[in-house]
Each structure stands twice: as structure tokens, then as C-alpha cells.
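**Student:** Numbering (the UniProt record's numbering), first residue to last: 1 to 210. Built from N, CA and C at the ideal position, the CB exists for glycine as well. Okay, here's the structure, questions in a sec.
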């Protein structure tokens, strides 16, 4: 996908097509790397954070990368909710979904969707252990709001697809379809804007002739 800005305000193209939100120690060595390769092979501009060590707060660079992405893939795993950085990224993604119409595709990898929505099971236990160490109640409340919001969206569940290869194929096809729809919307917006401009120019010409 092109990374340049559109000429129509509000329909700008993004720097990245996809931002992958995941807990690195869970899936870095296999699933995420294969997913990243499959996406980029299809020409999908994908942002992935390779930093193993992170500070206490999410960096402005990552926040900007999320804003600069048309779509986010959130990979929920059993221990996902033990990572404050994953949760901070997710909060930013849900904010961009509200303000910039960013698409979020949740992937439930070895974890039940209902456990993420309800903060139950081992997923919920990981979250409870984390928030006991976080004094910032506002930050925690944002996490509690973002998790069920993302988990309620249309996505993919690993146990229902089969192999990781099949799951990755399904995700990539889903991304391509959604990006094509988004691009189509931008194109239609450009056509509509151009048609309006031509009509206004024609009206102005007729008024001058009177």
C-alpha cells in the first residue's frame, strides 16, 4: 500500500498498513515472525516492535507507529495481560479506532475469547497479578475498557482454524480484503470530491456567462 498522504483531508493514507500488538516472549520466535513474513510477502507494510527490553512506559515512537497504521492485529495469548506495554498499545489502538477509524483484528492464540472479554480464567489471573503492581488507577481502567472492546470485534481463534499456517493464511487474506475495502473507500472519496469540484467550476462558468 502506498505510504504517501492523500490530497483529501480526513482520507489520508497511512505510513503502515498493519501494526502487530503482541507479547514478544510468547510468540516472537515462531507465529509472529511467520505472520510478519506472510504479510510483507504480500506487500503489506507491517510494523513490528522487535525491542526485547522496554521502559516503564510505552515510547512516543510506538504510539506514533500505531497512529500511522491503518489496521492493528492484536495477538491475545494466555500471558498477554501480564504485559503493561501490550495493554498500553491496545488502549492506543482502541483510541485510534474511535478517532481515526482504525481497524482492529483480534487473534485468540491459545486463549478463549470469553476469558479476554470477561477477564476470567488464567488470562484474568495474569491481569489481576499485573494490576496489583500498578498504582495508576486511571491506566488500569483504560486497560479494563480496551480488553473487552477489542475482544468483541470480529477476529480469529487458533483452535478453530487448524494449523498455524492455515491461521496465518486466513489472517493475511482478511487483512488484504479489509485494506482493499479501505482503499476503495478512499478512491470513491477522491472521485466524489473531483466530481464536486468540476460541478462547482461549471456552475461558476455559467454564472459568469449570465
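Is residue 140 helix, strand or coil when you go by DSSP?
**Tutor:** Residue 140 falls in the helix class under three-state DSSP.
**Student:** The beta strand (DSSP E) that contains residue 75, what's its start and end?
**Tutor:** 69-76 is the extent of the beta strand (DSSP E) around residue 75.
**Student:** Can you tell me whether residue 136 is buried or exposed, with buried defined as 16 or more other CB within 10 angstroms of its CB?
**Tutor:** exposed
**Student:** Mind the definition here: the stretch 68-86 touches the stretch 98-115 only if three or more C-beta pairs lie below 8 angstroms; say whether that holds.
**Tutor:** yes
**Student:** Pick from 100, 133, 144: whose alpha carbon is nearest that of residue 14?
**Tutor:** 100
**Student:** Tell me residue 21's beta-bridge partners as DSSP assigns them.
**Tutor:** 74
**Student:** To which residues does DSSP link residue 16 through a beta bridge?
**Tutor:** 69
**Student:** Checking 8 angstroms against the spacing of the C-beta atoms, do residue 110 and residue 158 come in under that value?
**Tutor:** yes
**Student:** Could you say if the stretch 123-141 and the stretch 76-88 meet the contact criterion of at least three C-beta pairs nearer than 8 angstroms?
**Tutor:** A contact exists between the stretch 123-141 and the stretch 76-88.
**Student:** May I have the straight-line CA-CA distance separating residue 33 from residue 18, to the nearest angstrom?
**Tutor:** 14 angstroms
**Student:** In or out: residue 173 buried (at least 16 other Cβ within 10 Å) or exposed?
**Tutor:** exposed
**Student:** Is the beta carbon of residue 151 sitting closer than 8 angstroms to the one on residue 91?
**Tutor:** Contact check for residue 151 against residue 91 fails: the beta carbons are separated by 8 angstroms or more.
**Student:** Measure the alpha-carbon distance for residue 140 versus residue 25 and round it to whole angstroms.
**Tutor:** Distance between the alpha carbons of residue 140 and residue 25: 22 angstroms.
**Student:** Starting from residue 107 and walking both ways along the beta strand (DSSP E), at which residues does that stretch end?
**Tutor:** 103-108
**Student:** Look at the alpha carbon of residue 167 and the alpha carbon of residue 31, and state the distance between them as a whole number of angstroms.
**Tutor:** 10 angstroms
**Student:** Looking at the unbroken alpha helix (DSSP H) that takes in residue 135, where does it start and where does it end?
**Tutor:** Looking at the DSSP string, residue 135 is not in any alpha helix (DSSP H), and its letter there is neither H nor E.
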